[in-house]
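> This is the structure I want to talk about, given as structure tokens.
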Amino acid sequence: MKIADDWTDYRVLATGDGEKLERWGKYTLLRPDPQVIWHAKSDLSKYKDLDGHYLRSSSGGGNWKFLKPVPERWDISWHGIKFIIKPMGFKHTGLFPEQAVNWNDMTTAIKNAGREIRVLNLFAYTGGASVVCAKAGAKVTHVDASKGMVERARENARLNDITTIRYIIDDCQKFIEREIRRGNFYDAIIMDPPSYGRGTNGEMWKLEDNLYDFVALTKKVLSDKPLFVLISSYTTGLQASVLKNILTLIFGEGNIDADEIGLPTDEKIVLPCGARGLKLWK
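In the numbering used here, the protein residues as written are 412 to 693.
Pasting the structure below:
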């Protein structure tokens with residue numbers, strides 16, 4: 412397992428009974444986590460420094476309950492790179508700290524490339540990977556279908572004085588198809604596709620049915636001097652070896668790292684947070 416253990420502004424304090432207690436800078440939040448099927452050592456909702464608790468609704472969804480004054484948004488940093496934290500709907504905060512394992516590998520690859528690297532970040536959300544790659548010196552194209560998430564990505568970039576990222580609000584598959592027709596190529600491709608989704612014209616996306624064909628499509632925009640392709644997945648039950656098989660079948664054997672990613676906790680256990688497959692070229 413790859414463990415994101417190099418944070419100073421973020422910690423998992425405790426887990427149990429379907430929830431995780433996290434410290435985001437100065438503020439402590441309690442959120443649901445489907446991987447946490449064990450019992451907590453104590454009632455996490457009674458933690459003395461708890462600031463906010465995301466409560467699920469029996470009818471679906473949920474809402475935040477704040478126990479103390481909490482700003483609408485605040486910043487945390489990772490190796491000098493700042494990210495906006497903002498409690499949002501469906502328990503999200505706008506950042507996935509476990510992705511730091513990928514940020515480290517991408518930063519190293521870009522800095523060691525010895526040339527300008529064009530990165531395509533698909534399903535790019537609030538732009539954590541976009542900012543990290545731009546800080547490492549890459550030329551980044553950020554693609555997401557949500558206008559609100561792209562605006563959050565712009566804010567994260569502005570927070571770090573980055574002005575070079577190209578932002579695209581579009582369906583990722585349609586964008587790739589247009590880039591193929593335009594003859595545009597990228598040296599590195601990042602993707603974090605959803606388990607389920609619906610396109611602008613009602614098209615259905617289901618990871619198990621669509622991921623292989625989508626990754627194969629992205630090969631058509633990969634340059635003749637590729638650096639890396641990274642696939643992240645939060646789909647429950649999808650093992651890292653599946654991502655390895657997809658990368659091997661589409662891009663060829665050799666130098667593929669596929670594993671679970673996770674976060675250390677103060678309980679001295681590791682919280683699993685999904686899987687990643689990384690194909691690197693030298």
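Beta carbons: idealized from backbone N, C-alpha and C, even for Gly. As the structure is a computational prediction, the values presented were derived from the model and not from experiment.
Can the beta-carbon of Ala627 be found less than 8 Å from the beta-carbon of Ser652?
By one-based count along the sequence shown, residue 627 stands at place 216. By one-based count along the sequence shown, residue 652 stands at place 241. Their beta carbons are not under 8 Å apart, which means Ala627 does not touch Ser652 by this criterion.
> Does the Cβ-Cβ distance between Arg442 and Tyr458 come in under 8 Å?
If you number the sequence shown from 1, residue 442 lands on position 31. If you number the sequence shown from 1, residue 458 lands on position 47. No, Cβ-Cβ distance for Arg442 and Tyr458 is not below 8 Å.
> Would you mind reading off the limits of the beta strand (DSSP E) that contains Ile579?
Taking the first residue of the sequence shown as position 1, residue 579 is located at position 168. That run of the beta strand (DSSP E) goes Arg577 to Ile580.
> Only counting the same chain, and skipping five residues up and downstream in sequence, which positions put a Cβ closer than 8 Å to that of Gly539?
By one-based count along the sequence shown, residue 539 stands at place 128. These residues qualify, in order along the chain: Phe494, Leu506, Phe507, Gln510, Trp514 and Asn567.
> Relative to the C-alpha of Leu432, which residue among Gly665, Ala535 and Leu461 is closest?
The residue you call residue 432 lines up with position 21 of the sequence shown. Ranking Gly665, Ala535 and Leu461 by Cα distance to Leu432 puts Leu461 first.
> Return the chain-ordered ranges of every alpha helix (DSSP H) run that is complete within the stretch 445-481 and spans a minimum of 4 residues.
The qualifying runs do not exist here; there are none.
> Quick check on Asn523: buried or exposed, where buried means 16 or more other Cβ atoms within 10 Å of its Cβ?
Translated into the one-based positions of the sequence shown, residue 523 becomes position 112. That one is exposed.
> Please report the straight-line C-alpha distance between Asp555 and Asp516, rounded to a whole angstrom.
Taking the first residue of the sequence shown as position 1, residue 555 is located at position 144. Taking the first residue of the sequence shown as position 1, residue 516 is located at position 105. Asp555 and Asp516: Cα-Cα distance of roughly 22 Å.
> Could you tell me if Arg421 is buried or exposed, where buried requires 16 or more neighbouring beta carbons within 10 angstroms of its beta carbon?
As a first step, residue 421 must be located in the sequence shown, where it is residue number 10. It is Tyr, not Arg, that sits at residue 421 in the sequence shown. Flag for Tyr421 reads buried.
> Identify, in the order they occur along the chain, each residue of the same chain with its Cβ nearer than 6 Å to the Cβ of Lys497, setting aside the five sequence neighbours on each side.
Counted from its first residue, the sequence shown places residue 497 at position 86. If we look at Lys497 and ignore the five residues flanking it on each side, its Cβ neighbours are Arg484 and Gly505.
> So the alpha helix (DSSP H) Gly539 belongs to, where does it begin and stop?
Within the sequence shown, residue 539 is the residue found at index 128, counting from 1. Here the alpha helix (DSSP H) through Gly539 covers Gly539 to Lys546.
> Got a sec? Which residues, its chain only, sit under 7 Å from Met590 by beta carbon, not counting five neighbours each side?
Translated into positions along the sequence shown, residue 590 becomes position 179. Checking the sequence, you will find Glu at residue 590 rather than Met. The answer, listed in chain order, is Val632.
> Relative to the alpha-carbon of Ser634, which residue among Ile528, Met615 and Leu570 has its alpha-carbon at the smallest distance?
For the purposes of this step, residue 634 is taken as the residue at position 223 of the sequence shown. When each option's Cα is compared against that of Ser634, the closest is Ile528.
> Contact between the stretch 638-648 and the stretch 592-605: three or more CB pairs below 8 Å?
These segments touch.
> Roughly how many angstroms separate the alpha carbons of Val481 and Gly463, rounded to a whole number?
As a working note, residue 481 is residue 70 in the sequence shown. As a working note, residue 463 is residue 52 in the sequence shown. Looking at the two C-alpha atoms, the distance is approximately 8 Å.
> Since Ala599 is in the beta strand (DSSP E), which residue starts that stretch and which ends it?
By 1-based counting over the sequence shown, the position of residue 599 is 188. Run containing Ala599: Ala599 to Met602, per the beta strand (DSSP E) assignment.
> Start and end of the beta strand (DSSP E) containing Val554?
To locate residue 554, count along the sequence shown from 1; it is residue 143. Unbroken beta strand (DSSP E) run through Val554: Lys550 to Asp555.
> Output the residue ranges of the beta strand (DSSP E) runs that lie fully inside the stretch 421-448 and measure 3 residues or longer, sorted by chain position.
DSSP runs (the beta strand (DSSP E)) wholly in the stretch 421-448: 421-427, 430-435 and 438-443.
> Look at Lys694 and Gly685 and say whether their C-beta atoms are less than 8 Å apart.
Residue 694 lies beyond the range of the chain shown here (412 to 693); nothing can be said about it.
> Beta-carbon separation of Asn571 and His553 under 8 Å?
What you label residue 571 is simply residue 160 of the sequence shown in a count that begins at 1. What you label residue 553 is simply residue 142 of the sequence shown in a count that begins at 1. For Asn571 and His553, no; Cβs fall outside 8 Å.
> Excluding the five sequence neighbours on either side, which residues of its own chain have a C-beta within less than 7 Å of the C-beta of Thr518, listed in chain order?
By one-based count along the sequence shown, residue 518 stands at place 107. Here the set comprises Val543 and Ala547.
> I'd like the list of long-range same chain contacts for Ile448, defined as Cβ closer than 8 Å, with 5 residues on each side in sequence excluded.
Counting from 1 along the sequence shown, the entry for residue 448 is found at position 37. Excluding positions up to five away in sequence, the list reads Gly429.
> Under the DSSP definition of a beta bridge, which residues are partnered with Tyr607?
Along the sequence shown, read from residue 1 onward, the residue named residue 607 stands at position 196. Lys617, per the DSSP bridge assignment.
> Secondary structure at Asp670, three-state DSSP: helix, strand or coil?
Taking the first residue of the sequence shown as 1, we reach residue 670 at position 259. Note: Asp670 maps to strand in three-state DSSP.
> Could you have a look at Phe625 and say whether DSSP puts it in helix, strand or coil?
Against the sequence shown, residue 625 aligns to sequence position 214. Phe625: helix per DSSP, three-state reduction.
> Between the alpha carbons of Asp417 and Arg569, how many angstroms are there, rounded?
By 1-based counting over the sequence shown, the position of residue 417 is 6. By 1-based counting over the sequence shown, the position of residue 569 is 158. When rounded, the distance between both Cα atoms is 24 Å.
> Since Ile580 and Thr629 should fall inside the 8 Å C-beta cutoff, what is the C-beta to C-beta distance between them, to a whole number of angstroms?
For this step, residue 580 is matched to residue 169 along the sequence shown. For this step, residue 629 is matched to residue 218 along the sequence shown. That belief does not hold up - the Cβ atoms of Ile580 and Thr629 are roughly 19 Å apart, past 8 Å.
> Would you grab the beta carbon distance between Leu691 and Ile657 for me? Rounded to a whole angstrom, and I think it's under 8 Å.
The residue given as residue 691 occupies position 280 in the sequence shown. The residue given as residue 657 occupies position 246 in the sequence shown. At roughly 15 Å, the Cβ-Cβ gap does not stay under 8 Å, so Leu691 and Ile657 are not in contact.
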